[in-house]
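What follows is one structure encoded as structure tokens, with my remarks underneath.
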Amino acid sequence: MELVVIAGLAMLLGAGAGWLVSARWHQRRQAELVHFAQAWEYARYAGYVSTHRYPNGTGAPFLR
Numbered sequence: 839m840e841l842v843v844i845a846g847l848a849m850l851l852g853a854g855a856g857w858l859v860s861a862r863w864h865q866r867r868q869a870e871l872v873h874f875a876q877a878w879e880y881a882r883y884a885g886y887v888s889t890h891r892y893p894n895g896t897g898a899p900f901l902r
């Protein structure tokens, strides 16, 4: 009987450890995806700004 209880507790402990590792992995993966999305949006913004920037030497001198 004691062996069954010990085996059950070991399985429960193993399942809890597995869940914790899985939760941490998913949390890290989510952070990586958020970081990638932010980098992608910044790259799109930088591309837009560089495309729509005024050329040098045009316009009124006091606006330079």
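Going by my numbering, the first residue of the sequence shown is number 839, and it counts up by one from there. Glycine residues also receive a C-beta, built at the ideal position from the N, C-alpha and C atoms. Since the model is a prediction, treat every value here as computed from it, not as a measurement.
Simplified DSSP state of residue i, which is helix, strand or coil
i	result
Met849	helix
His873	helix
Arg891	coil
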